[in-house]
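The block underneath contains the structure these notes are about, expressed in structure tokens.
In this note's numbering, the protein residues as written are 661 to 786.
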């Protein structure tokens with residue numbers, strides 16, 4: 661198992677970035693999501709909300725313009741759910757990225773710019 665810091669740095673390492681620079685940027689992302697103190701913890705030592713924040717950092721590290729999130733708040737308690745929602749929407753807006761998200765959480769879906777409903781084998785703009 662990798663630590664939170666290592667998990668975030670892996671995509672940058674795969675793209676050829678030096679270990680030092682990848683870990684530096686991963687640490688900056690952990691700071692942004694208030695998890696610096698958990699950087700060296702393994703996934704099993706992190707809460708569900710902390711693991712989701714690590715996953716968001718991992719998705720952001722290489723600067724992808726499109727982030728695909730499948731039920732990002734699905735298995736979280738209410739406090740973690742709100743934190744992950746806020747973080748995702750804030751980072752997408754600030755960094756001008758596109759978020760394609762699948763969720764059963766109507767309240768979260770309604771915070772997005774565009775909302776589609778999947779029904780009868782088709783998408784409908786709501």
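All residues carry an ideal CB built from backbone N, CA and C; glycine is no exception.
When DSSP reads this structure, residue 784 sits in a beta bridge with 777. Nearest C-alpha to residue 662 among 715, 694, 709 and 738: 715.
Residue 727 holds the alpha-carbon nearest to the alpha-carbon of residue 756 among 739, 727, 709 and 737. Assignment of residue 759 by DSSP, reduced to helix, strand and coil, places it in the strand class. Separation of the CB atoms of residue 674 and residue 718 is rounded to 11 Å, and the pair is thereby denied contact status at 8 Å.
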